[in-house]
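S.K.: Supplied in structure tokens, the structure appears directly below.
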Amino acid sequence: MAAPVTDPTKIIGRELHLDRLIGSGGFGEVYLAVRTKLATNPKHNFTFPAECVVKVMRRGLCTEEDVAAMNREVATLSSMDHPYIVPYIGAWVEAARGKFFGCYCLAMRYCEGGDLHGLIAHFIKNHRLPPVDVAVRIMAQVFSALNYSHSRRLIHRDIKPGNVFLTLQKSGMPDKAMVGDYGLVRSLDATRQLVKTRVGTPTYISPEIAAGEAYSTKTDIFSAGTMFYELLSLHRPFWKRMMTDQQLFREVLHRDPMPQFRAYTSAVYGTTLADVIEACLTKHEDSRATAYDVLVRLTSPITAYVLKYAIPVYPEKDALTATSSPHPPAASCAPDSLASVIKADGAAVTVRQRLERLFLIHKGTTVCARLTRLLSHNPELLFQVRVLVACRSDNTDHLENGLAELLWAFPDTEVPFQEVVDLVMCDYRKLAE
């Protein structure tokens, strides 16, 4: 993980060669950098990969106050560890004499597939819509990244195709979609303070930002909905050529683009992905979906992908603690994310091994198949049962009590209450023996 900048460091020209310019903006330039030395420099403790991206800020942005602010940002971002967020490698003020002397630099992972904007342009050029599997993979991964950052009370504030970066499969199709460029990130305090700064790219802004109102993490969801509308239809929902910002804001506030979207894409993607887009583009923030909703609650190919490939999901606190019982669930010492390595019986167990033992990855076992069949009509409950098993697996009493509380909290007469409890507990005791 990257650490905040402390002392000036000589890296460019010594440890990294800036190979070529790959982007620029008001902040400065972005370069593809090639490592020239393999060893870690004890002065900064960075270990550079063979290739990485280096953002070089303009000197005018490198006052003492600006560097202090950027240090705080890097400290926040460097604590983020998620497979679908572009990782930071290091940050420093360049001390080597030359063009970049005194510039603030950020090094990040290089994604060889370019960005989502380039992928959309590719499909536009070839006059065809993205394949369903490609679209679903990208959507699931981006919403997983947003779910993670929102669980940490961080708003990205500039979700757009140019800030979603891609790695490639051998076939040349996208493998991973990774959210990057957290330069506008803003934190919410513990009381869910709403932020009121108009930021972001106008084409993808939410109604609350367009209206100059306070907003929360759900502004990112609207931006993601706008972005994925564009990915699936190859058209932007609100923006038109030669449109002023004020005209765009009126469209965002008042126009419903979904009838056109459904008419254009239903033959390729069906109705459920359109339902997801519509839930993200709800004008009123309180009624808009969350990233958790998209990953778990809104039945679609995305929820199926999440279950099949164990995509990281960070449940909302109220989603997992909802209960009709006056007694709160027993405290759990499980990590915040299921993507951590958990210790069991004194030995390290890999994530996949742990998830396989606890039904989180589909297996061809009778027990797993029966559990899925029993709760197939309620994917949210199925997900929460699996998470509960993972979180309370070290205490059978807590596990059994938690299952009872969770099942009672769902007003669903179709849930075979006792059969689910017996199935999970019986199989868990066999695994524990």
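All residue numbers in the sequence shown are consecutive under our numbering, ending with 1161.
Glycine included, each C-beta is placed from N, C-alpha and C at the ideal position.
1. Counting only beta-carbon atoms, is Arg856 nearer than 8 Å to chain C?
2. Between Val814 and Phe871, is the Cβ-Cβ spacing less than 8 Å?
3. Can you give me the Cβ contacts of Glu876 inside the same chain, cut-off strictly under 6 Å, excluding the 5 residues immediately before and after it?
4. Assuming Phe950 contacts Arg1016 (C-beta within less than 8 Å), just tell me the rounded distance between them.
5. How would you call Ser1028, buried or exposed, if buried means at least 16 neighbouring beta carbons within 10 angstroms?
6. Are Val1022 and Val1004 close, meaning C-beta to C-beta below 8 Å?
7. Where does Cys831 fall in DSSP's three states?
8. Apart from the five residues just before and just after Phe851, which ones in its own chain have a Cβ nearer than 7 Å to its Cβ?
9. So the beta strand (DSSP E) Gly818 belongs to, where does it begin and stop?
10. Do Ala1002 and Met986 count as a contact pair if the criterion is CB distance below 8 Å?
11. Taking the Cβ atom as the reference point for each residue, do Lys946 and Glu840 lie within a distance shorter than 8 Å?
12. Considering Cα atoms alone, identify which of Val1152, Arg978 and Ala1019 is closest to Gly940.
13. Identify every residue that forms a DSSP beta bridge with Met906.
14. Going by other Cβ atoms of all chains shown within 10 Å of its Cβ, with 16 needed for buried, is Gly953 buried or exposed?
15. Would DSSP call Gly753 helix, strand or coil?
16. Would the segment 824-832 and the segment 878-887 be scored as touching if the rule is three or more Cβ pairs under 8 Å?
17. Is Lys783 buried or exposed, if buried means 16 or more other CB atoms sit within 10 Å of its CB?
18. Label Leu1086 either buried or exposed according to how many other C-beta atoms from any shown protein chain fall within 10 Å of its C-beta, with 16 as the threshold for buried.
19. Taking only the alpha-carbon atoms, compute the straight-line gap between Val758 and Val802 and give it to the nearest angstrom.
20. Just reading off the alpha helix (DSSP H) that Lys853 is part of, what are its end residues?
21. Is the beta carbon of Leu1102 sitting closer than 8 Å to the one on Glu1133?
22. Identify whether Thr945 lies in helix, strand or coil by the three-state DSSP scheme.
23. Judging by CA-CA distance, which residue of Leu960, Val1152, Thr1018 and Asp984 is the nearest neighbour of Glu1128?
24. May I ask you to report which of helix, strand or coil DSSP gives His982?
25. Rounded to whole angstroms, what is the Cα-Cα separation between Ala819 and Ala778?
26. Please report the distance separating the alpha-carbon of Thr993 from that of Met867.
27. Let me confirm a value: Met785 is counted as buried when at least 16 other C-beta atoms fall within 10 Å, else exposed. Which label applies?
28. Pull up the DSSP beta-bridge partners for Met1153, would you.
29. Judging by CA-CA distance, which residue of Val907, Val860, Gly826 and Pro902 is the nearest neighbour of His884?
30. Check Glu779 in the structure and name its three-state DSSP category.
M.R.: Reading it off the structure:
1. The chain labelled as chain C is not found in the depicted structure, where only one protein chain is given.
2. Here residue 814 corresponds to residue number 86 of the sequence shown, with the count starting at 1. Here residue 871 corresponds to residue number 143 of the sequence shown, with the count starting at 1. Not closer than 8 Å, so no.
3. Numbered from 1 along the sequence shown, position 148 holds the residue referred to as residue 876. The amino acid occupying residue 876 in the given sequence is Tyr; Glu does not appear at that position. Hits under 6 Å: His810 and Tyr1042.
4. In the sequence shown, counting from the first residue as 1, residue 950 sits at position 222. In the sequence shown, counting from the first residue as 1, residue 1016 sits at position 288. With 8 Å as the limit, Phe950 and Arg1016 qualify as a contact, their Cβ atoms being about 7 Å apart.
5. Here residue 1028 is taken as the residue at index 300 of the sequence shown, counted from 1. The residue in question, Ser1028, is buried, as its Cβ has 16 or more Cβ neighbours within 10 Å.
6. Your numbering for residue 1022 matches position 294 in the sequence shown. Your numbering for residue 1004 matches position 276 in the sequence shown. In contact: Val1022 and Val1004 (Cβ atoms closer than 8 Å).
7. The residue labelled residue 831 in the question sits at position 103 within the sequence shown. Cys831 falls in the coil class under three-state DSSP.
8. Position 123 of the sequence shown holds residue 851. Closer than 7 Å at the Cβ level, and outside the excluded window around Phe851, lie Leu857, Pro858 and Leu962.
9. Position 90 of the sequence shown, counting from 1, holds the residue named residue 818. Run containing Gly818: Tyr816 to Val821, per the beta strand (DSSP E) assignment.
10. For this step, residue 986 is matched to residue 258 along the sequence shown. For this step, residue 1002 is matched to residue 274 along the sequence shown. In this structure, Ala1002 lies closer than 8 Å to Met986 by Cβ.
11. Working through the sequence shown from its first residue, we reach residue 946 at position 218. Working through the sequence shown from its first residue, we reach residue 840 at position 112. Not in contact: Lys946 and Glu840 (Cβ atoms no closer than 8 Å).
12. Here residue 940 refers to the residue found at position 212 when the sequence shown is read from its first residue. Per the Cα distances, Arg978.
13. Indexing the sequence shown from 1 puts residue 906 at position 178. Beta bridge pairing from DSSP links Met906 with Phe893.
14. The residue you call residue 953 lines up with position 225 of the sequence shown. The residue is buried, with at least 16 neighbouring Cβ atoms inside 10 Å.
15. If you number the sequence shown from 1, residue 753 lands on position 25. Strand.
16. no
17. Position 55 of the sequence shown, counting from 1, holds the residue named residue 783. It counts as buried.
18. Here residue 1086 corresponds to residue number 358 of the sequence shown, with the count starting at 1. Note that Leu1086 has pLDDT 44, beneath the 50 cutoff, so the model's placement of it is unreliable and the number below is only indicative. Answer is buried; the Cβ neighbour count reaches 16.
19. Looking up residue 758 in the sequence shown gives position 30. Looking up residue 802 in the sequence shown gives position 74. Rounded to the nearest whole angstrom, the C-alpha separation of Val758 and Val802 is 17 Å.
20. Working through the sequence shown from its first residue, we reach residue 853 at position 125. Its alpha helix (DSSP H) spans residues Leu844 to Lys853.
21. As a working mapping, residue 1102 is identified with position 374 in the sequence shown. As a working mapping, residue 1133 is identified with position 405 in the sequence shown. It is not a contact, given that the beta carbons lie outside the stated cut-off.
22. Sequence index remark: in the sequence shown, residue 945 carries index 217 (1-based). In the structure shown, Thr945 falls within a coil segment according to DSSP collapsed to helix, strand and coil.
23. Taking the sequence shown and counting its residues from 1, one reaches residue 1128 at position 400. Glu1128 has its Cα closest to that of Val1152, out of Leu960, Val1152, Thr1018 and Asp984.
24. Within the sequence shown, the letter at position 254 stands for residue 982. If DSSP states are grouped into helix, strand and coil, His982 belongs with the helices.
25. Counting from one through the sequence shown, the residue named residue 819 turns up at place 91. Counting from one through the sequence shown, the residue named residue 778 turns up at place 50. Rounded to whole angstroms, Ala819 to Ala778 spans 17 Å at the Cα level.
26. Taking the sequence shown and counting its residues from 1, one reaches residue 993 at position 265. Taking the sequence shown and counting its residues from 1, one reaches residue 867 at position 139. Looking at the two C-alpha atoms, the distance is approximately 16 Å.
27. By 1-based counting over the sequence shown, the position of residue 785 is 57. Its Cβ being crowded by 16 or more others within 10 Å, Met785 is buried.
28. Taking the first residue of the sequence shown as 1, we reach residue 1153 at position 425. BP columns for Met1153 are empty, so no partner.
29. Residue mapping note: residue 884 aligns to position 156 of the sequence shown, counting from 1. Comparing Cα-Cα distances from His884 to each of Val907, Val860, Gly826 and Pro902, the minimum goes to Val907.
30. Numbered from its first residue, the sequence shown carries residue 779 at position 51. Shown here, Glu779 sits in a strand according to DSSP, grouped into three states.
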